[in-house]
Structure formats: C-alpha cells, structure tokens
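What follows is a short report on a single structure.
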Amino acid sequence: MTPGEADIWLEEQQIENVRLVVLDLHGVPRAKLLTAAHFRDVARRGHAWALPLVAVDIWQGMSPEEREYGIETGFGNGVARPDLRTLRRLPWTRASAHVMADVFTRAGEPAPTARQGLRHVLDQADATGYRPVLGSELEFYLFRPDPGRGGFGPDFGLQSWFSTNALALCQEFLEDLHDCVTRLALPVYEVFNEHGSGQFEINLAPGSGLGCIDDVVLLKVAIKEVAMRHGLRATFLAKPVNGGDTPPSGYHLHQTLQAGDGSNAFHAAEAEDGLSDVARRYIGGHLAHAAGMTGVAAPTVTAYKRYIPGTWAPVRAGWAVDNRTALVRAIPGAEGARIENRLGSSDANPYLLAAVMVAAGLDGVRRELDPGPPGGLNVLEDERFPKLPATLIEGVEAFAADEPLRELLGPVLSRTLIRLLRHDWRRFMTHVTDWEIREYRELL
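For the sequence shown, the residue numbers in this note's numbering are 1259 to 1702.
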C-alpha cells in the first residue's frame, strides 16, 4: 500500500485515529494514537519515536549497562516509519486503525527492534534459496479480574481438554473474537480449551514473511482487547497464578522450508521416516542452539516455571518423531512435513521467537548438523539429550555464550536483549517474594 492508497483507505473506512505500534523487546505493544489527518503525513515522513523505548523493561526501566540507548545518547528520538502493509481497521473500536512501525536512528540505521531482528533473519533465509513457512500455536488464560484473589479469578474451573462445556462458558467472548479476527483477515482456523481454568489454545494457518508474525502480534492485541469488552482479561504469562488449576502455557512454532520450486524441502518420500536431509539438518541446528534459544524463547522469570516434567514442556534438547515430550517434534507428510518446536513460552516475543528458531535451523542446514537418532517414547527422561536452562539467568547466559546465534540474530539486537534480561534478573533477585515472607518471616 502506498501513502496515496492509504489516504483513500482512511477515507473509505472513515478512520479517525491510527495506532502507530512498535513491539518492544518484551513483546509489549507500545503505541501512539495519531489523528487520521496527521497520519497522512506520518505515512510519508515517519514519526518521532523515543529511542530508549527500544531497550526498556516492562515498566520503562533500563539496564544501567545500556550504552547504545541509555543516558549517553541523551535519550533522544529516532523515527518510526509505518509499514502500510499492516494497516488494519480495529473492528472492536468505533473508528480506529492499527499499523506496525519500524524504528530507525536519526542516521537512518535500523534500531534493534524485534521486528527488525526477524526481518534480518528472513533476509538471510532468502540468500539460501529457502523460504521459511511458520505456523503459530498460542496458549493463553482468560480470567475475571478479582482484587481479592491477587487480581486473578479462575472462575471457569478446571475443564477436560476439548470440552464443549469450557467453550460454552466463554461463548460470547469467543463469538465476538471470531467476528473480529475474521474482519481483520487473520488466518485463525481453530480455538479450543486446554486443561487449565480459563486456558485456551488458538492456532493460525502457516504463512511466510514478516506478515505471518505481524498477524500473531495483532491477534494477541485482539484477544486482550476483546476480552476487556466482556469484563474479562487475557494473559499470555506462562503461569499467571500458583495452583494446580493453572498449568503453564506455551507458544509452539511449526516450521518448514519451502524450496525454490515451491516444494516442501522437509519431505523425502524415500526416507523411512519421510524426513529429508534438509529437515534433519534444520533439527540439528535447533538441538545445537537449544540452550541459547531458551534465553530468547523464555524471556521472563515466570517462563521457567513451565519447564518441569509432566507439563508436556521440554526439559531436554532432544527430538523425536510425532512425540510431544520432545523439544523438537518432527511431523512427516508429503505436503505437511514440518517440525514443531515446543520450547517457546507463551510470553515470548513472537518476532524474536521466530527469528531465533529460523536462524538456528538455517545454521544447521548450512553446517550440515546431524541431530543424531531420535528419542524414544519419553524424551523428558532420555539422558542422551542435555538438559535445558532452568532459570532466566541460565537461559540468558547460554544465549550470550552462543556467538553464532547472536550474530545470526544481529549483534546490536543481541547485546541490547542480553543487557535487558540480565537487568530483569537482577531486579528479581533483589525482590523479596510473597513465598519467602510466608515461609520464613514468622518463625525466623
């Protein structure tokens, strides 16, 4: 869409305001609400954007180690340029639209945003002759705000998987959400309940390019804001509250490579398991970089509450064929041959998750990495495969130690992300938790 076409679209859709959105490194959508009249100019020239927002934590704090976007720079502005291909009308609003933006420095260099990181990796993929195809599965919790229970009211109760009863309890929300995602042209094809109280999974059809992850970002916005319209809240935090009725949530990313002739590069009819050498090498890249990937795929302290046996979340860097106990689940099939990487936490940044996994897989293809034989029935206990990082700081330091992965993601982006997550860990380690107070204060 050109700026001129955007002008016509704004008029036809009777848009009054446009949200200019940049996803920060934690995956928080940061936005400015612009009048439609002003946006016409922004579509051509860009808009001032505070560069420190590139490197801040959830609550706008910044690592004291941050040099490239900290006080040494005077906390100045860059320029946010809207990607007009992402311009959509928000159907739950009266007259507002949404557009993703990319941030540039005053010198015109791309700032280290998550979206730029994925673009960088996809550009590398183009050079290999392969086109990554990605399908996202997101889990989230729906709850009713309840200050008496720490803000989280698990009113829906534990449900059996794929329960019509669970759907019925949230039917009005789900129908409203369906209407909105349809009008947004998002490729959602199913939603069903998971085991937790108010826990759902929503899946998108596979796609390629930045657009398929732009869709994930907009879907998450839609879920949270449509929930608010129904007096509910939605959260993608991996485990939103303690207790057995809230098992953790993940973000599983299905992946394959499309060859230049349009064929599925992961399929080999002659192979016993139907997987090509390209697929095996891609898996080899994921296993080789599994520890480093964890620091990006699990970017919160809470995410590591997910990696425990019995939750179907991986705890070892292993692979197997159609086995959900593995980090990498290989799924053969003539047209649908793919892998499902189950490492991602539901609170992962969608752009960074896709970027780090595609980068690791392509590195495996380039270096012809052999994943070794697949695991057995229970990869969680298969000691042939190394254990994954168990805390945020272990994950961050594993990423920091994985120089090839850092370079593939982009050195400036990697440095900024590492500083930010180390900063988060330090803040957590100096905070006295409710558990510590309950456990020790009275008797010690």
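Glycine included, C-beta positions come from ideal geometry on N, C-alpha and C.
For the set 1531, 1651, 1633 and 1652, the Cα lying nearest the Cα of residue 1643 is the one of 1633. Secondary-structure assignment with DSSP links residue 1399 through a beta bridge to 1457 and 1493.
Secondary structure at residue 1600: coil, using DSSP grouped into helix, strand and coil. Proximity of the segment 1437-1455 to the segment 1503-1517 meets the contact definition, three or more beta-carbon pairs being nearer than 8 Å.
Straight through space, the alpha carbons of residue 1373 and residue 1357 are spaced by roughly 13 Å.
DSSP places residue 1500 in no beta strand (DSSP E); its state is neither H nor E. A check of alpha carbon separations from residue 1401 across 1363, 1572, 1484 and 1353 identifies 1484 as the nearest. Taking a C-beta distance under 8 Å as the contact criterion, residue 1571 and residue 1508 qualify as a contact pair.
In the DSSP annotation of this structure, residue 1577 is not part of any alpha helix (DSSP H); the continuous beta strand (DSSP E) holding it starts and ends at 1577-1579. Look at the beta carbons and you see the segment 1388-1395 not touching the segment 1684-1692: under three pairs across the two are nearer than 8 Å. Burial state of residue 1525 is buried, judged by a 10 Å Cβ sphere holding 16 or more other Cβ atoms.
By the Cβ criterion, the segment 1511-1528 is in contact with the segment 1536-1549, since at least three pairs of Cβ atoms, one from each stretch, lie closer than 8 Å.
Collapsing the DSSP output to three states places residue 1540 in a helix. By the CB criterion at 8 Å, residue 1673 and residue 1321 fall outside the cutoff. Its Cα nearest to that of residue 1298, the residue 1266 stands out among 1266, 1287, 1311 and 1308. Distance from the CA atom of residue 1616 to the CA atom of residue 1262, rounded to whole angstroms, is 35 Å. When C-beta atoms of the segment 1351-1369 are compared with those of the segment 1541-1558, fewer than three pairs fall below 8 Å, so the two segments do not count as touching. Secondary structure of residue 1272 (DSSP, three-state): coil. Around residue 1623, the same chain offers 1386, 1388, 1515, 1536, 1539, 1540 and 1543 as residues with beta carbons nearer than 8 Å, after the five sequence neighbours per side are excluded.
Nearest in C-alpha terms to residue 1675, of all of 1285, 1620 and 1274, is 1285. Under DSSP, residue 1448 forms a beta bridge with 1461.
Taking 8 Å as the cut-off, the Cβ atoms of residue 1586 and residue 1545 count as close. Residue pairing of residue 1574 in beta bridges, as defined by DSSP: 1645. Residue range 1354-1362 is occupied by the beta strand (DSSP E) that includes residue 1360. If you draw a straight line from the Cα of residue 1579 to the Cα of residue 1639, it is about 16 Å long.
It is roughly 48 Å from the alpha-carbon of residue 1271 to the alpha-carbon of residue 1661.
Taking 8 Å as the cut-off, the beta carbon of residue 1264 is found no closer than this to the beta carbon of residue 1376.
According to the DSSP assignment, residue 1526 belongs to no alpha helix (DSSP H), since it is labelled neither H nor E.
In the pairwise beta carbon analysis, the segment 1692-1702 is classified as not touching the segment 1641-1655: fewer than three pairs are separated by under 8 Å.
Remark: C-beta atoms of residue 1599 and residue 1637 do not approach each other more closely than 8 Å.
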